[in-house]
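What the sequence shown shows, in the numbering used here, is residues 90 to 386, in sequence order. Using N, Cα and C, we set each Cβ at its ideal position, and we do this for glycine too. Model, not experiment: these values are computed from the prediction. Structure, as structure tokens:
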Amino acid sequence: MSKVVTRFCMPALVLLVLAGCGSSKSKSTASTTVSAPATAANASIAAQVPARYKAKGSLTVASEAQYAPNEFIAADGHTVIGMDPDLVSAIAAVMGLKTNVVNSTFEAIIPGLAAGRYDIGASSFTDTKEREKTVDFVTYLSVGQAFLTKANGGPKPNTLAELCGLSVSVEKGTVEFEEAEKQNKKCKAAGKPIKLLVFPGQNDANLALSSGRAEVDYADSPIIAYQVRKLGVSVRSGPTFGTAPYGLALPKNSGLAKPVLEALKVLIANGTYASILKKWELQSAAISNPVINGAQS
Numbered sequence: 090m091s092k093v094v095t096r097f098c099m100p101a102l103v104l105l106v107l108a109g110c111g112s113s114k115s116k117s118t119a120s121t122t123v124s125a126p127a128t129a130a131n132a133s134i135a136a137q138v139p140a141r142y143k144a145k146g147s148l149t150v151a152s153e154a155q156y157a158p159n160e161f162i163a164a165d166g167h168t169v170i171g172m173d174p175d176l177v178s179a180i181a182a183v184m185g186l187k188t189n190v191v192n193s194t195f196e197a198i199i200p201g202l203a204a205g206r207y208d209i210g211a212s213s214f215t216d217t218k219e220r221e222k223t224v225d226f227v228t229y230l231s232v233g234q235a236f237l238t239k240a241n242g243g244p245k246p247n248t249l250a251e252l253c254g255l256s257v258s259v260e261k262g263t264v265e266f267e268e269a270e271k272q273n274k275k276c277k278a279a280g281k282p283i284k285l286l287v288f289p290g291q292n293d294a295n296l297a298l299s300s301g302r303a304e305v306d307y308a309d310s311p312i313i314a315y316q317v318r319k320l321g322v323s324v325r326s327g328p329t330f331g332t333a334p335y336g337l338a339l340p341k342n343s344g345l346a347k348p349v350l351e352a353l354k355v356l357i358a359n360g361t362y363a364s365i366l367k368k369w370e371l372q373s374a375a376i377s378n379p380v381i382n383g384a385q386s
């Protein structure tokens with residue numbers, strides 16, 4: 090992913106789309122209060138919002154803002170923008186609330202939800218059964234994983250198995266990190282371990298490829314596709330694998346899951362959801378039937 094305020098020269102790259110789904114993303118304490126978009130509150134849904142959230146009038150939303158186009162920092166250097174902030178602000182508006190988007194580190198978000206520091210985690214989380222032990226999810230996208238490599242020369246892996254013997258950059262705490270570690274056990278057994286370069290944020294993982302430290306950058310497919318579009322690189326699609334759902338993360342049993350789900354359904358029905366995805370070129374990831382805790386594995 091590429092932070093909007095940090096541009097770096099990257100040689101021509103190749104996009105190799107896998108499917109699956111990862112999650113991740115900025116290390117900062119900046120926050121941004123976002124007024125509700127032009128979306129009317131729904132009285133019946135607003136009535137379902139637990140009293141403690143109504144009393145605040147806003148939801149504290151945690152996001153690691155270096156995963157463009159899903160969440161990243163605007164040109165002003167502090168405002169968190171992207172698909173996730175837009176969508177969660179629209180959801181809050183249907184619930185009669187505003188949002189305060191806090192730029193956090195990815196690994197701190199789920200513990201922060203459990204500790205009551207945040208009300209929602211909107212940071213490209215893959216909904217997994219392991220994460221559902223700590224938080225509830227409302228699914229909102231179906232997303233894959235991707236490899237990014239230099240277009241001229243070097244490896245062009247199409248599958249996880251083809252990462253054996255290569256240097257691969259990933260962000261810590263993501264599904265990609267977990268999948269790369271699993272694959273590395275197989276690679277080590279075959280005598281061709283992966284040189285796994287693990288970074289605290291996706292920007293550093295991207296820079297590892299551009300600087301030549303890594304041969305492959307491994308992240309969620311929308312993030313890789315965004316880099317390809319913005320950096321003007323050539324694209325090659327590899328074979329796709331099973332996708333997985335993104336979910337908005339909520340404190341376990343907080344009472345927020347149902348109104349968030351119902352608000353998202355309203356946005357799907359009235360076209361706001363489709364408009365937000367179109368704005369960020371994420372239409373292919375749209376879903377029509379969001380659910381609470383829809384993890385596939």
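Beyond the five residues adjoining it in sequence on each side, Leu148 comes within less than 6 Å, by CB distance, of Ala181, Leu186, Thr188, Asp208, Ile209 in the same chain, given in chain order. For the pair Leu285 and Leu237, the CB atoms are not nearer than the 8 Å cut-off. Restricting attention to Val257, Asn131, Tyr335, the CA atom closest to the CA of Asn295 is found in Val257. Minimum Cα-Cα distance from Arg318 among the listed residues Leu252, Ile357, Glu370, Leu366 corresponds to Glu370. Counted as a single uninterrupted DSSP element, the stretch harbouring Thr217 is not any alpha helix (DSSP H), since DSSP gives it neither H nor E.
If the five residues before and after Val169 are omitted, its C-beta is found closer than 7 Å to the C-beta atoms of Thr121, Ser152, Ala154, Glu160, Ile162, Val190, Asn192, all from its own chain and listed in chain order. Considering only Ile313, Lys347, Glu265, Gly166, the residue with the shortest C-alpha distance to Tyr156 is Ile313. For Ala352, the enclosing alpha helix (DSSP H) covers residues 346-359. Secondary structure within the region 143-229: the beta strand (DSSP E) runs of 3 or more consecutive residues, fully enclosed, are 147-152, 160-162, 187-192 (chain order). By the Cβ-count criterion, Gln316 is buried, with 16 or more other Cβ atoms from all chains shown falling within 10 Å of its own Cβ. Shortest Cα-Cα distance from Tyr142 to any of Gly383, Ala346, Ser377, Ala358 involves Ala346. Taking the Cα of Leu230 as reference, the smallest distance to any Cα among Thr248, Ser213, Arg302 is reached at Ser213. Here Gly360 is actually not in contact with Thr228; their C-beta atoms are around 19 Å apart, not less than 8 Å.
As summarised for the region 267-332, the continuous beta strand (DSSP E) elements at least 3 residues long and confined to that stretch are 284-288, 305-309, given in chain order. Put simply, the backbone Cα of Ser386 is about 36 Å away from that of Ala144.
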